[in-house]
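Structure first, commentary second.
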DNA sequence: TTCCTTATCGACTGTGCGGTCGAAAATTAG
DNA sequence: CTAATTTTCGACCGCACAGTCGATAAGGAA
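Protein chains in written order, with the numbering used here: chain D, 3 to 208; chain R, 3 to 208.
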């Protein structure tokens, strides 16, 4: 049986591989990432990767699950706060934004890569549940907020799509990443949440 | 030399192939679309596709270019109108939305697929120019509108990302497509353009 | 030292897919 | 009819890549 130190080193090497994988994923469109790339980046031979992981998908899955779990650790306390639905909603998105800034490559991977993964035709992968949960929680906040009059009464589905897209665009559109402040997020969301009821047609052009 | 009718039939078969390709692309994640799929869908043998097109990329490119050109035919007149920058901006997006509703699979392809294409390491592909042009035009309207006070003075880059994402989300996020009215587009954009200067903290809950 | 477990990796296999080839069918021309 | 041309396609080729194998090393434990 392996000693304590051996176990630790083994775990350390796994981490190295995952780290290398993330680097590769941040440099290469996810559909072009090969095991050889990851092997080279993390300083092992290709076959060695298979000594630590069952498959390419296993690596991806582990990255995704770890990433989502980390994110949820940050989100959960925000949900506990006894604020209005609207405040919580905004705060959740701000929190996610904060995490993205801290670890861009990870979250770019989390939010962009999954769609293009082979996904072995099976039932929905484990990491997906975290994504669904996020959607559900936000949608719930939106519904509650609409019921209590904090949000305008418009199609909540549409709202979710719009906000999801807006958020994604802010952080991931364009070539060079750009810092988005919490205030900017709040401003844009407030704009969507409190649209000017009478659209300012032909705004004054002094 | 081929007769008139032969030419026409040849052209017709090309169209059939393109049509079939679009069907396949609308059913399958673009990275998994194979030539055999397209061949089967359009009712030809695989080798026949190569009689009409040079490569898989040629098919994709032709779809993209045609699609973008059609779109621009709709956009151009909107730009001619002598309205305020803001009105034109909104109207352009409404027009695009309208086109999307008319031909979802085409525009889903236009706006989603390109990123995942092999893109033979060469200079930017031809269809890209149309995309850049759209970005440029919208950005220009945004800049003008800011200069004339129609839009708030915030980072225009960020604004573009946000609006781009918002729009993309509205039409393409989620599983089942949903109709988005022109009024809804206008409302959301107005919300972003005219954010409540004093965020309605703890909105009144009558 | 020898024995055994853990770790590493180059070379190989299998497969899926873009693209080609050459033969055959269909169409047109004379 | 025959000959020339256009169209169709199954079978094959080459390559890239996920995954495997067997040989080799590197480290204990005795």
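The C-beta atom is built at its ideal place from N, Cα and C for all residues, glycine as well.
Contact with chain D by residue 160(R), beta-carbon distance below 8 Å: As a first step, residue 160(R) must be located in the second chain, where it is residue number 158. It does: the Cβ of residue 160(R) has a partner Cβ on chain D nearer than 8 Å.
Please state if the CB of residue 129(D) and the CB of residue 74(D) are separated by a distance shorter than 8 Å. Residue mapping note: residue 74(D) aligns to position 72 of the first chain, counting from 1. Residue mapping note: residue 129(D) aligns to position 127 of the first chain, counting from 1. No, they are not a contact pair.
Shorter than 8 Å from the beta carbon of residue 155(R) to some beta carbon of chain D? Taking the first residue of the second chain as 1, we reach residue 155(R) at position 153. It does not: the Cβ of residue 155(R) has no partner Cβ on chain D nearer than 8 Å.
Three CB pairs or more closer than 8 Å across the region 78-90 of chain R and the region 146-155 of chain R: yes
Looking at the C-beta of residue 105(D), does it have a partner C-beta in chain R at a distance below 8 Å? Position 103 of the first chain, counted from the first residue, corresponds to residue 105(D). No, because no Cβ of chain R sits closer than 8 Å to the Cβ of residue 105(D).
Using a Cβ cut-off of 7 Å, pull out every chain D residue sitting near residue 172(R), in sequence order please. Position 170 of the second chain, counting from 1, holds the residue named residue 172(R). Going along chain D in sequence order, the residues near residue 172(R) (Cβ under 7 Å) are 160, 163, 164, 167.
Is residue 115(D) helix, strand or coil by DSSP? Numbered from 1 along the first chain, position 113 holds the residue referred to as residue 115(D). Residue 115(D): coil per DSSP, three-state reduction.
Check whether the region 52-64 of chain D touches the region 18-37 of chain D, counting contact only when three or more Cβ pairs, one atom from each stretch, lie closer than 8 Å. yes
Test item: CB-CB of residue 167(R) and residue 171(D) under 8 Å: Start at 1 with the first residue of the second chain, and residue 167(R) comes out as number 165. Start at 1 with the first residue of the first chain, and residue 171(D) comes out as number 169. Taking 8 Å as the Cβ cut-off, residue 167(R) and residue 171(D) qualify as a contacting pair.
Does any C-beta atom of chain R lie closer than 8 Å to the C-beta of residue 202(D)? Numbered from 1 along the first chain, position 200 holds the residue referred to as residue 202(D). In this prediction, residue 202(D) scores a pLDDT of 45, lower than 50, which makes its location untrustworthy; no coordinate-derived value is stated.
Would you say residue 193(R) reaches chain D, if we count a Cβ-Cβ gap shorter than 8 Å as a contact? One-based indexing of the second chain puts residue 193(R) at position 191. True, the Cβ-Cβ gap to chain D drops below 8 Å.
Three or more beta-carbon pairs under 8 Å between the region 99-115 of chain R and the region 28-35 of chain R, yes or no? yes
Out of curiosity, what's the CA-to-CA distance linking residue 37(R) and residue 15(R)? By 1-based counting over the second chain, the position of residue 37(R) is 35. By 1-based counting over the second chain, the position of residue 15(R) is 13. About 16 Å.
From 62(D), 192(D), 182(D), 195(D), pick the residue whose C-alpha is nearest to that of residue 101(D); which is it? For the purposes of this step, residue 101(D) is taken as the residue at position 99 of the first chain. Taking only the C-alpha atoms, the option nearest residue 101(D) is 182(D).
Proximal residues to residue 143(R) (C-beta, below 7 Å), its chain only, five neighbours per side dropped: In the second chain, the residue the question calls residue 143(R) occupies position 141. Closer than 7 Å at Cβ, skipping near neighbours: 87, 90, 91.
I'd like to know whether the C-beta atoms of residue 187(R) and residue 99(R) end up nearer to each other than 8 Å. On the second chain, position 185 is the one that residue 187(R) refers to. On the second chain, position 97 is the one that residue 99(R) refers to. Yes, these two residues count as a Cβ contact at 8 Å.
Closer than 8 Å, Cβ to Cβ, to anything on chain R: give me those residues from the region 23-43 of chain D, in chain order. 31, 33
Could you spell out where the alpha helix (DSSP H) holding residue 158(D) opens and where it closes? Taking the first residue of the first chain as 1, we reach residue 158(D) at position 156. Segment 158-174, the alpha helix (DSSP H) holding residue 158(D).
Among the candidates 160(D), 114(D), 184(D), whose CA atom is the shortest distance from the CA of residue 24(D)? As a first step, residue 24(D) is located in the first chain; it is residue number 22 there, counting from the start. Closest option to residue 24(D), Cα to Cα, is 114(D).
Secondary structure at residue 195(D), three-state DSSP: helix, strand or coil? As a position in the first chain, residue 195(D) is number 193, starting the count at 1. In this structure, residue 195(D) counts as helix in the three-state DSSP scheme.
Out of curiosity, what's the CA-to-CA distance linking residue 95(R) and residue 103(D)? Locating residue 95(R) in the second chain gives position 93, where the first residue counts as 1. Locating residue 103(D) in the first chain gives position 101, where the first residue counts as 1. Distance between the alpha carbons of residue 95(R) and residue 103(D) is about 30 Å.
What's the call for residue 11(R), buried or exposed, on a 16-neighbour Cβ count within 10 Å? Locating residue 11(R) in the second chain gives position 9, counting from the first residue. Looking at its Cβ environment, which holds fewer than 16 other Cβ atoms inside 10 Å, residue 11(R) is exposed.
CA nearest to the CA of residue 61(R), picked from 41(R), 159(R), 80(R): By one-based count along the second chain, residue 61(R) stands at place 59. The shortest Cα separation from residue 61(R) among 41(R), 159(R), 80(R) belongs to 41(R).
Which same chain residues, not among the five before or five after residue 146(D), have their C-beta less than 6 Å away from its C-beta? Along the first chain, one-based indexing puts residue 146(D) at 144. For residue 146(D), where only same-chain residues beyond five positions count, the Cβ hits under 6 Å are 87.
Would residue 182(R) pass as an interface residue toward chain D - the criterion being a Cβ-Cβ separation below 8 Å? For the purposes of this step, residue 182(R) is taken as the residue at position 180 of the second chain. So yes, residue 182(R) belongs to the interface.
Do you know whose CA, among 165(R), 179(R), 81(R), lies nearest residue 160(D)'s CA? On the first chain, position 158 is the one that residue 160(D) refers to. Comparing Cα-Cα distances from residue 160(D) to each of 165(R), 179(R), 81(R), the minimum goes to 179(R).
Does residue 164(R) pass the burial test, meaning 16 or more other C-beta atoms within 10 Å, or should it be called exposed? Within the second chain, residue 164(R) is the residue found at index 162, counting from 1. Label assigned to residue 164(R): buried.
Cβ-based burial, residue 207(R) [other Cβ within 10 Å; buried from 16]: Here residue 207(R) refers to the residue found at position 205 of the second chain. Caution applies to residue 207(R), whose pLDDT of 34 falls short of 50 and renders its modelled position unreliable; the value that the coordinates give is listed next. Label assigned to residue 207(R): exposed.
In angstroms with no decimal places, state the Cα-to-Cα distance between residue 63(R) and residue 127(R). Position 61 of the second chain, counting from 1, holds the residue named residue 63(R). Position 125 of the second chain, counting from 1, holds the residue named residue 127(R). Approximately 8 Å, taken between the alpha carbons.
Could you name each continuous beta strand (DSSP E) segment of 3 residues or more that falls completely within the region 6-73 of chain D, going from the start of the chain to the end? none
Is it buried or exposed for residue 97(R), if we count other Cβ within 10 angstroms and need 16 for buried? Along the second chain, read from residue 1 onward, the residue named residue 97(R) stands at position 95. Counting Cβ neighbours within 10 Å, residue 97(R) comes out buried, since at least 16 surround it.
Own chain residues within Cβ distance below 6 Å of residue 191(D), not counting five before or after: Counted from its first residue, the first chain places residue 191(D) at position 189. 92.
Determine the DSSP secondary structure at residue 82(R), reduced to helix, strand or coil. For the purposes of this step, residue 82(R) is taken as the residue at position 80 of the second chain. Helix at residue 82(R).
8 Å contact criterion, which residue 112(D) and residue 66(D) should meet: CB distance rounded: One-based indexing of the first chain puts residue 112(D) at position 110. One-based indexing of the first chain puts residue 66(D) at position 64. The pair is a contact, with the Cβ atoms about 6 Å apart (cut-off 8 Å).
Kindly say whether residue 100(R), judged by its beta-carbon, lies nearer than 8 Å to any beta-carbon of chain D. Position 98 of the second chain, counting from 1, holds the residue named residue 100(R). Not an interface residue.
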